[in-house]
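Chemist:
6 protein chains.
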Amino acid sequence: MRKNNRKLDELRPIRIQRDFNIHAEGSCLVEFGNTRVICTASIAESVPPFLKGKNQGWITAEYSMLPRATATRNMRESVTGKIGGRTHEIQRMIGRAMRAVIDLTKIGERTIWIDCDVIQADGGTRTASIVGAFIAMTDAIIKLNEQKLINSVPIRDTVGAVSVGIVNDRLMLDLDFEEDSNAAVDMTIVATGNGEMVEIHSLGEEATYTRKEFEAMLDLGLESLKQIAELQNVFYEKMPSINLWKRKSVKEAKL
Amino acid sequence: MRKNNRKLDELRPIRIQRDFNIHAEGSCLVEFGNTRVICTASIAESVPPFLKGKNQGWITAEYSMLPRATATRNMRESVTGKIGGRTHEIQRMIGRAMRAVIDLTKIGERTIWIDCDVIQADGGTRTASIVGAFIAMTDAIIKLNEQKLINSVPIRDTVGAVSVGIVNDRLMLDLDFEEDSNAAVDMTIVATGNGEMVEIHSLGEEATYTRKEFEAMLDLGLESLKQIAELQNVFYEKMPSINLWKRKSVKEAKL
Amino acid sequence: MRKNNRKLDELRPIRIQRDFNIHAEGSCLVEFGNTRVICTASIAESVPPFLKGKNQGWITAEYSMLPRATATRNMRESVTGKIGGRTHEIQRMIGRAMRAVIDLTKIGERTIWIDCDVIQADGGTRTASIVGAFIAMTDAIIKLNEQKLINSVPIRDTVGAVSVGIVNDRLMLDLDFEEDSNAAVDMTIVATGNGEMVEIHSLGEEATYTRKEFEAMLDLGLESLKQIAELQNVFYEKMPSINLWKRKSVKEAKL
Amino acid sequence: MRKNNRKLDELRPIRIQRDFNIHAEGSCLVEFGNTRVICTASIAESVPPFLKGKNQGWITAEYSMLPRATATRNMRESVTGKIGGRTHEIQRMIGRAMRAVIDLTKIGERTIWIDCDVIQADGGTRTASIVGAFIAMTDAIIKLNEQKLINSVPIRDTVGAVSVGIVNDRLMLDLDFEEDSNAAVDMTIVATGNGEMVEIHSLGEEATYTRKEFEAMLDLGLESLKQIAELQNVFYEKMPSINLWKRKSVKEAKL
Amino acid sequence: MRKNNRKLDELRPIRIQRDFNIHAEGSCLVEFGNTRVICTASIAESVPPFLKGKNQGWITAEYSMLPRATATRNMRESVTGKIGGRTHEIQRMIGRAMRAVIDLTKIGERTIWIDCDVIQADGGTRTASIVGAFIAMTDAIIKLNEQKLINSVPIRDTVGAVSVGIVNDRLMLDLDFEEDSNAAVDMTIVATGNGEMVEIHSLGEEATYTRKEFEAMLDLGLESLKQIAELQNVFYEKMPSINLWKRKSVKEAKL
Amino acid sequence: MRKNNRKLDELRPIRIQRDFNIHAEGSCLVEFGNTRVICTASIAESVPPFLKGKNQGWITAEYSMLPRATATRNMRESVTGKIGGRTHEIQRMIGRAMRAVIDLTKIGERTIWIDCDVIQADGGTRTASIVGAFIAMTDAIIKLNEQKLINSVPIRDTVGAVSVGIVNDRLMLDLDFEEDSNAAVDMTIVATGNGEMVEIHSLGEEATYTRKEFEAMLDLGLESLKQIAELQNVFYEKMPSINLWKRKSVKEAKL
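Here it is, written out as structure tokens:
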């Protein structure tokens with residue numbers, strides 16, 4: 068059995084606490100079981116050089132773990148002076164996920180910085196980060212709209228993420244750290260609320276897998292993402308016909 | 068008037084949530100008003116080269132702020148690749164404060180890493196860090212003792228810290244960010260529960276101050292540190308005669 | 068039409084020149100159209116710290132591009148002092164691909180360093196790197212066996228990679244740089260000669276895609292990987308029943 | 068007894084050689100016993116970004132030690148690629164000391180870079196640096212005035228620094244390296260010629276101290292700073308009523 | 068005897084393959100025996116800060132070796148984060164050699180970046196780099212002229228380089244790696260086609276040498292540089308009277 | 068005319084102050100006119116990895132300039148985090164010069180670190196560094212012998228260096244900064260007291276030169292090195308027949 072009697076195809080309890088930070092334009096604390104990530108969105112009135120003068124915005128993400136987010140302490144990347152490959156891989160994925168559901172040409176020449184800081188890790192930090200980053204980003208964009216800095220809330224859909232793996236020959240949803248360590252195959256699925264795919268990344272750890280296994284993992288993950296989308300939807304009133312999203316006065320949502 | 072009708076010589080509400088992190092040997096979330104710092108203590112079974120074979124332990128601290136802990140986003144030190152002077156200054160002070168109240172020869176050849184990560188900043192991050200670091204460190208040392216890895220809990224006293232400043236010619240205790248920005252003089256006082264001094268650091272921001280002003284600041288700070296020591300004491304049963312501290316089953320304390 | 072009258076589901080001409088480097092234990096120059104990558108495998112008689120004493124080996128990869136491999140010159144990562152996220156992402160993928168087909172417990176406590184250096188880039192550098200890295204690695208392992216340093220050639224299967232994308236609403240195989248720049252969706256498929264999957268990574272560039280599109284891309288890519296496996300097989304005589312691979316005296320293979 | 072029959076409350080011989088460097092706008096070699104520091108002031112016609120357009124200047128300091136300034140050779144910070152915490156702590160203190168006595172709004176949009184390079188160290192390098200930096204800075208500002216680039220010499224007072232400590236239970240002034248290594252408590256006092264306080268930094272080395280001890284250290288230090296101010300005054304003719312300082316033709320001063 | 072029956076005063080086979088790279092404004096692969104270097108020239112429409120507004124151009128070079136260019140694998144400088152002294156020494160020499168034969172005031176405010184990447188090393192990588200860099204640079208300048216961006220081809224002469232050494236008391240030309248490792252003295256000679264000297268660098272490896280030995284080395288090297296100049300001349304039609312060079316349709320030249 | 072009525076073939080006044088540093092095993096301040104360099108030699112009881120167990124020592128050098136050694140302030144290499152090419156070039160030359168005159172197999176498994184720190188620069192810092200480094204190194208080796216840590220003083224000869232250049236078509240010896248800036252050709256000559264050559268490095272600054280000019284520069288430099296050797300000899304009593312050097316009680320020598 069999995070910890071806490073969790074079923075193979077069951078998500079861990081998910082909790083999103085909105086407005087976790089008093090300074091950021093959008094923020095939340097997102098929890099997937101014991102995994103806890105602070106997500107903030109910060110607006111900067113400039114774009115990277117490659118977008119200067121193109122009349123569009125940019126969204127970029129940074130991801131980090133506190134040194135003792137994990138079972139044993141890790142050195143800070145500020146001390147080693149190097150950002151590791153895993154960090155790069157995750158923060159690039161978060162940025163792409165956000166950019167997939169937003170119309171960058173409608174937010175003006177500004178950058179939205181997404182920061183995902185893992186304060187406690189127990190597997191699934193990248194998927195939790197994406198789920199929380201969407202709330203932080205959306206709240207920040209709604210704020211821009213409320214301040215009349217932009218004319219719409221150009222978000223096409225929610226975006227969420229979940230992990231699936233094969234552990235001891237069994238398909239499992241939303242792996243915790245121990246399960247992930249024992250997984251032969253590990254898949255991250257990023258998809259929109261409507262089930263459109265954003266990013267699929269499956270990989271064997273010194274192992275291979277069949278097409279059939281692959282499709283089963285994908286089915287399981289996409290199914291569970293509906294629940295995550297529902298959770299994210301709790302925070303918003305959406306009026307797609309007039310290109311508008313509004314905040315509902317919800318402080319916290321749980322699954 | 069100060070924010071929230073606070074008096075000039077009044078501390079902000081202080082809250083310490085113990086065991087904030089499931090992995091660390093000791094941890095807490097400490098809040099001074101809107102300033103929130105996660106403090107963890109991690110035990111490593113080794114000492115720095117300069118202490119090898121000297122049969123004593125070491126305590127060192129690292130301090131960092133999340134990029135959006137502040138009103139405007141700061142670049143991560145892992146991205147700039149450089150640890151700034153302010154960070155260095157603060158983390159050295161935290162380490163010295165901890166080492167001042169512990170007998171390093173009684174903890175074996177191991178290092179206690181203190182991590183103070185500011186998740187939200189509103190002035191006083193260094194003093195909050197010291198107050199929380201003491202709890203994290205003490206819990207970690209008690210754990211070592213409970214595990215029979217060391218024979219005592221070689222802590223002489225609690226250690227706390229507070230800031231005092233002169234803002235618009237008025238003496239003020241426990242400055243928040245805005246007050247600190249307007250302070251002509253700024254003093255950090257680190258002292259033990261018994262009122263022994265550990266570190267005094269007072270400095271003018273393009274300003275000087277008289278001996279009399281200096282003494283008034285010192286008096287005010289030392290007085291308030293009694294309250295902070297009381298708060299820290301809530302968590303422990305102390306038996307100095309047999310060189311022992313024990314955890315009380317307190318999860319949270321507030322001032 | 069695609070450049071050089073290439074069909075949508077057609078690979079570019081692929082060429083592998085074996086033993087391109089006189090020093091390396093295994094090496095080749097691999098070309099996918101105008102993309103040219105030098106792959107070398109170097110044996111080091113040590114393993115990373117996390118594997119010390121575990122009686123197994125390790126395979127790791129580094130990837131880089133010469134500054135003028137691309138249409139406009141890029142700064143060297145040695146000059147910026149930072150290894151970029153894209154580099155990290157690719158070299159981690161190459162390493163995983165190699166480790167997926169080899170039994171690390173059979174190569175002793177040694178590390179095989181794979182270096183993939185792109186001397187000219189025109190899209191598909193990561194897939195070409197994986198295809199060439201397999202030849203370099205295999206030749207190096209065969210050499211270890213010939214020198215009696217290991218008792219077998221513990222390679223389970225060939226491993227190859229190819230890219231697929233959706234460009235202007237059309238499915239395309241093996242994208243060149245220009246096609247890749249215009250792709251809405253981009254998928255990298257890493258699979259073994261037998262069609263077992265190693266890594267699937269599909270992502271939208273500010274776009275999403277349906278499950279149906281996804282499956283079509285996957286089908287197309289897996290089909291073409293059979294050709295790539297055939298090309299790799301040209302270089303070896305395989306005797307899986309006795310756990311042995313041998314070099315055929317082939318210097319060059321083309322597709 | 069202290070080395071060279073020095074009394075507990077006695078400064079080491081201090082010597083300041085002015086114009087030690089032919090290039091710098093202001094410079095000196097300052098010696099406190101065997102501690103020798105080259106101080107230069109360099110004028111740059113620009114200010115840091117946070118002051119652009121604010122019609123004021125800036126003063127900043129850098130501090131460094133030659134690798135063999137100390138008893139055993141230290142690696143250069145240019146080789147480690149990192150500026151250590153101690154260096155940061157000291158150079159920030161030097162900068163604050165200078166800024167405390169100058170009116171930055173009267174020097175135009177320019178930066179004065181103070182460089183303090185320790186060519187030989189025997190304790191007290193930070194206090195010697197401050198004493199010498201004042202001469203270098205003042206000479207540079209007078210030069211600006213002589214060149215009619217600014218209308219006044221907007222220096223309020225001299226600024227000096229001294230260390231005090233408790234070594235083997237005895238209060239001692241101006242610690243040399245060996246005394247400093249044995250000090251339980253160590254205080255740096257930065258004050259103006261008039262006895263106004265600029266920065267007080269006292270800290271226990273794994274030790275605490277009483278308020279009474281603290282005050283005794285402070286008294287001793289402030290008293291001795293009068294001598295240091297006198298020494299600095301030798302170099303200048305001061306006309307505060309007309310906001311002017313002039314160089315006297317003094318090349319060297321000793322205490 | 069030397070390898071391949073080479074005489075003491077004999078160059079290794081030299082081969083230059085022009086236009087080795089499809090992107091660069093000028094490029095070649097140059098081989099001196101087993102030493103193989105890719106040289107590219109890239110035009111950037113800007114100059115370094117110290118030349119801004121001076122109406123002249125700049126030429127700078129970067130040199131690097133692939134990690135397995137050598138008999139044992141070297142760590143990448145991008146991984147160590149530091150550019151080594153040897154790399155700096157060589158790339159500065161390449162840059163100076165190019166600048167010695169070109170009139171920088173005639174190429175406009177642009178920079179020519181020369182990249183010399185050693186893909187296989189067997190001694191003489193710096194001399195091969197200079198020989199190839201000249202071809203890449205010249206082709207790039209001719210292209211500027213063909214595109215009417217500049218009015219002339221302001222190259223005064225070809226520039227080449229060769230090494231000479233004393234190995235086991237014998238004078239040897241064009242040392243390979245093994246010879247170089249055993250050389251007591253080692254000289255690099257950079258000279259123009261007309262025999263004008265550009266750079267002479269001779270040094271003893273824990274050894275000294277007489278003036279007579281020095282002169283003999285210099286004679287030998289200068290003599291052989293005539294052959295190298297001849298090889299370079301194969302690629303160009305030179306019309307010095309009208310300040311013009313043109314490409315001949317030669318793809319490859321050998322010595 | 069040259070500054071101070073110096074003749075074309077005349078050295079600037081040279082002064083060596085021995086034992087400039089109280090800590091180092093050997094040290095001096097060397098001056099060539101306004102160029103002033105502190106040279107220290109430090110003994111470390113270890114060798115670099117490539118020499119471990121080979122029963123020989125090593126000598127290595129580091130060179131640096133204080134930020135305001137020059138007419139305008141330069142950023143510290145510790146701040147840029149990078150050691151520049153010029154620094155590398157010079158410190159490698161200093162190290163080679165020292166190693167050329169010492170028998171490394173006779174100093175045991177230890178490293179002599181030479182530090183040359185330019186406190187004021189006016190051209191010729193590398194040549195002054197070599198001249199001073201020899202004194203520092205020799206004094207350190209003599210000390211090792213006096214302490215009976217080694218059995219001899221295995222120095223073959225003095226080693227010195229001087230620069231020669233062609234400035235406005237005139238041959239000039241020992242260039243100061245201004246002359247150096249205007250030199251078309253610039254040569255550094257390192258040679259032993261007996262006139263054996265150690266390193267010759269001549270280079271044109273966007274210029275070439277004839278063999279005849281080259282030989283004239285070399286003649287002039289070698290001639291002047293005799294004077295420098297004489298100056299160095301003032302400090303030592305040499306007994307080559309018994310492989311011994313001793314310190315004479317000379318504190319300062321001038322030319």
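Protein chains in written order, with the numbering used here: chain A, 68 to 322; chain B, 68 to 322; chain C, 68 to 322; chain D, 68 to 322; chain E, 68 to 322; chain F, 68 to 322.
We treat Cβ as the ideally placed atom computed from N, Cα and C, and that holds for glycine.
Would you check if the distance between the CB atom of residue 304(B) and the CB atom of residue 293(B) is smaller than 7 Å?
Modeler: no
Chemist: Are the beta-carbon atoms belonging to residue 222(A) and residue 205(A) less than 7 Å from one another?
Modeler: Cβ distance < 7 Å, so residue 222(A) and residue 205(A) count as in contact.
Chemist: Can you confirm whether residue 267(A), when its beta carbon is compared against all beta carbons of chain C, has any partner nearer than 7 Å?
Modeler: yes
Chemist: Identify, in the order they occur along the chain, each residue of the same chain with its Cβ nearer than 8 Å to the Cβ of residue 274(E), setting aside the five sequence neighbours on each side.
Modeler: 251, 252, listed in sequence order.
Chemist: Given this structure, state the Cα-to-Cα distance separating residue 268(B) from residue 257(D), to the nearest angstrom.
Modeler: 11 Å
Chemist: What are the boundary residues of the alpha helix (DSSP H) that includes residue 12(D)?
Modeler: Because chain D in this structure spans residues 68 to 322, residue 12(D) falls outside the shown range and cannot be described.
Chemist: In chain order, what residues of the segment 186-199 of chain D put their CB closer than 9 Å to some CB of chain F?
Modeler: 186, 187, 188, 189
Chemist: How far does the alpha helix (DSSP H) with residue 132(D) in it extend, from its first residue to its last?
Modeler: Element bounds for residue 132(D): not the alpha helix (DSSP H) but the beta strand (DSSP E), 125-132.
Chemist: Identify, in the order they occur along the chain, each residue of the same chain with its Cβ nearer than 7 Å to the Cβ of residue 310(F), setting aside the five sequence neighbours on each side.
Modeler: 219, 220, 221
Chemist: For the alpha helix (DSSP H) holding residue 146(C), just list the boundary residues, first then last.
Modeler: 144-147
Chemist: Measuring only the C-alpha atoms, how far is residue 108(B) from residue 202(D)?
Modeler: 45 Å
Chemist: With contact counted as at least three CB pairs below 8 Å, one residue from each stretch, are the segment 78-94 of chain C and the segment 184-192 of chain E in contact?
Modeler: With contact defined as three or more Cβ pairs closer than 8 Å, the segment 78-94 of chain C and the segment 184-192 of chain E are in contact.
Chemist: Can you list the alpha helix (DSSP H) stretches of 4 or more residues lying completely in the segment 153-228 of chain C, in chain order?
Modeler: 192-213
Chemist: Mind checking the segment 285-309 of chain E against chain F and listing, in chain order, the residues whose C-beta falls within less than 7 Å of any C-beta there?
Modeler: none
Chemist: Quick check: residue 118(A) and residue 239(A), are their CB atoms within less than 7 Å of each other?
Modeler: no
Chemist: Please work out which residues of its chain come closer than 6 Å, Cβ to Cβ, to residue 103(A), disregarding the five sequence neighbours upstream and downstream, and give them in chain order.
Modeler: 186, 187.
Chemist: Mind listing the chain F neighbours of residue 148(D)? Cutoff is C-beta to C-beta under 7 Å, in chain order.
Modeler: 148
Chemist: With a cut-off of 8 Å, do at least 3 Cβ pairs link the segment 132-143 of chain A to the segment 130-137 of chain C?
Modeler: no
Chemist: Counting only Cβ-Cβ distances shorter than 9 Å, please list the residues of the segment 249-276 of chain E near chain F, keeping chain order.
Modeler: 252, 254, 257, 258, 259, 261, 262, 263, 264, 265, 266, 267, 268, 269, 270, 271, 272, 273, 274, 275, 276
Chemist: Ends of the beta strand (DSSP E) at residue 319(A)?
Modeler: 319-321
Chemist: From residue 96(B) to residue 106(B), what distance separates their C-alpha atoms?
Modeler: 6 Å
Chemist: What whole-angstrom Cβ distance do residue 168(C) and residue 231(C) have, given they're in contact under 8 Å?
Modeler: Contact flag wrong, Cβ pair sits at about 21 Å.
Chemist: Check whether the Cβ atoms of residue 175(B) and residue 265(D) lie closer than 7 Å to each other.
Modeler: no
Chemist: Between which two residues does the beta strand (DSSP E) holding residue 68(A) run?
Modeler: No beta strand (DSSP E) contains residue 68(A), which DSSP labels as neither H nor E.
Chemist: For residue 90(F) and chain E, any beta-carbon pair shorter than 7 Å?
Modeler: no
Chemist: When you compare each of 302(B), 163(B), 237(B) to residue 69(B) by their alpha carbons, which one comes out closest?
Modeler: With distances taken between Cα atoms, residue 69(B) lies closest to 237(B).
Chemist: I'd like to check one pair, residue 224(D) with residue 54(D): are the Cβ atoms closer than 7 Å?
Modeler: With chain D running from 68 to 322 in the structure shown, residue 54(D) is simply not present.
Chemist: So that I know if they touch, is there some Cβ in chain C lying closer than 7 Å to that of residue 162(A)?
Modeler: For residue 162(A), not one C-beta of chain C is nearer than 7 Å to its own C-beta.
Chemist: According to the Cβ coordinates, are residue 156(A) and residue 150(A) closer than 7 Å?
Modeler: No.
Chemist: Identify whether residue 99(A) lies in helix, strand or coil by the three-state DSSP scheme.
Modeler: Of the three classes helix, strand and coil, the one that applies to residue 99(A) here is strand, per DSSP.
Chemist: Would you kindly check if the distance between the Cβ of residue 259(A) and the Cβ of residue 228(A) is under 7 Å?
Modeler: no
Chemist: Buried or exposed: residue 319(A), going by 16 or more other Cβ atoms within 10 Å of its Cβ?
Modeler: exposed
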